[in-house]
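Numbering (full-length UniProt numbering), first residue to last: 1 to 521. In what follows, a structure is listed as structure tokens, so that the remarks can point back to it.
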């Protein structure tokens, strides 16, 4: 394990190649495709935006979910401030990354009377549709998919109470507006967080999707999305009560889709993560491996997005601060290696590929042995986005994947409930041994990685009351689940035992830019 304060596993000095696979907005719909959900990008300095995207690609990740906050861009009716989101989209697009945009956060002028800005739903679906249509027009061909709102099934993002009928009206207005501006864009509905039914405050994902269909949602989305967070239950483990298990809720969502003739549509996991303040770094790595393995075993699932890239504050006890697979100082947690191994054994390909052979970083836990990665594929690889030095395969018997397996075994010893994951982790890493045959002989000049200019942290204030679901699967099924970490700004519910996650986004206040400040600030 890399010690806190050490240089990141994926810094220039670590023999890393960034992997921009294709210069296109399209996101490969395969269920082995992995991205990062990083709502904090909107609140970062430009230097940190660039470094964050580079760190993603150093892990083999080539897709990113970004926050597009209505309240931060159209703070005043018909006045648009695009500078910040322009930079985020331009930076990802220049690296050939696929972009998923989540459009939420209501400006004060567009909310229902008495509802709070940001968390309150739009008073007029048509006003929201006008905005999201303007976004799709501006970024046509560069943003490949859009999510209509974020976790509307809990009061934290649809205040004061979730309303699937009203959400369906929003979807019915937004879908044609996006398609008119960009017919090739994928429009994703639902965007439901894992919560349990809790009075008027939260509606479970499957029941919410059922209600959407009853309200006429069919035909107004190309896919559904889901955030299957749970701090105390690995994704592969069904619960005693289906309402408690994120996996069971996925299957019930699918049942609703099939019953309504949407069996050909996929369910994306646009957020999944585990905070290290809730059990440690080894638990985070084990849960993530378990999730990726289990999610990809379903024939009806699509891409998944890991929340998130980097901690806000590694030393914090607040779960919202510790979802990153990188620590605040940019050093890598074990979960970063899980992602790198996943992308190495599940190439993140796109149409019309050409071959690119990639080397990988030496890992501190493996005593400087490196893992050779099988040839990846790529098209349009801009020289400016590829940073590497030449790496030679190690002949040592101890490998990176051994280190990951050992870490998971240690976690199982400390927490026996993780035992079902050990076999999946071992199987996943064993496949990597077979690919340990090729390392790149290509040497590409490294690009400069700007030092983090610790400017604006995400400006949101998280009022996160949750740590975990008040239950393990055996406990009462009438409490709200601990969903996200996705933080306010991106908008994840984070609904917890109180159903509260925190406000959506600071973005409504705008982000800080190293070059210019948001007029919305």
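Quick reminder that beta carbons are idealized off the backbone N, C-alpha and C, glycines included.
Assuming residue i is part of the alpha helix (DSSP H), what are its boundary residues?
i           : result
residue 46  : 46–58
residue 255 : 246–259
residue 165 : 164–181
residue 337 : 334–345
Can you tell me which residues form a DSSP beta bridge with residue i?
i           : result
residue 35  : 305
residue 104 : 69
residue 122 : 111
residue 225 : 268
residue 188 : 147 and 223
residue 63  : 98
residue 193 : 227
residue 326 : 310 and 332
residue 76  : 79
residue 129 : Answer is none; residue 129 lacks a bridge partner.
residue 198 : 202
residue 217 : None; residue 217 has no bridge partner.
residue 154 : 202
In whole angstroms, what separates the C-alpha of residue i from that of residue j?
i           : j           : result
residue 274 : residue 37  : 13 Å
residue 262 : residue 190 : 14 Å
residue 49  : residue 265 : 33 Å
residue 99  : residue 159 : 28 Å
residue 58  : residue 349 : 15 Å
residue 119 : residue 105 : 6 Å
residue 324 : residue 341 : 17 Å
residue 328 : residue 270 : 23 Å
residue 306 : residue 235 : 14 Å
residue 128 : residue 44  : 25 Å
residue 177 : residue 130 : 7 Å
residue 101 : residue 109 : 22 Å
residue 87  : residue 94  : 10 Å
residue 175 : residue 286 : 37 Å
residue 113 : residue 161 : 14 Å
residue 157 : residue 149 : 8 Å
residue 192 : residue 217 : 14 Å
residue 96  : residue 64  : 11 Å
Under 6 Å Cβ to Cβ from residue i, same chain only, skipping five residues before and after it: list those, please.
i           : result
residue 238 : 245, 247 and 248
residue 296 : 31 and 32
residue 222 : 186 and 187
residue 284 : 274, 276 and 335
residue 288 : 335 and 338
residue 133 : 177 and 181
residue 522 : No answer is possible for residue 522: it lies beyond the span of the chain, which begins at 1 and ends at 521.
residue 292 : 342
residue 220 : 171, 172 and 175
Leaving aside the five residues before and after residue i along the sequence, list all residues of the same chain whose C-beta is less than 8 Å from its C-beta, in chain order.
i          : result
residue 90 : none
Starting from the C-beta of residue i, find all residues in its chain whose C-beta is less than 7 Å away, skip the five residues before and the five after it, and write them out in chain order.
i           : result
residue 552 : Residue 552 lies beyond the residue range present for the chain, which begins at 1 and ends at 521; the question has no answer from this structure.
residue 322 : 275, 276, 277, 311, 314 and 316
residue 169 : 125
residue 166 : 121
residue 117 : 71, 106, 107, 108, 111 and 508
Would you give the residue range spanned by the beta strand (DSSP E) that residue i belongs to?
i           : result
residue 146 : 145–148
Any beta carbon from chain D within less than 8 Å of residue i's own beta carbon?
i           : result
residue 214 : Chain labels in this structure do not include chain D; a single protein chain is all it has.
| Uninterrupted beta strand (DSSP E) stretches inside the segment 263–312 (no shorter than 3 residues) | 267–272 and 301–306
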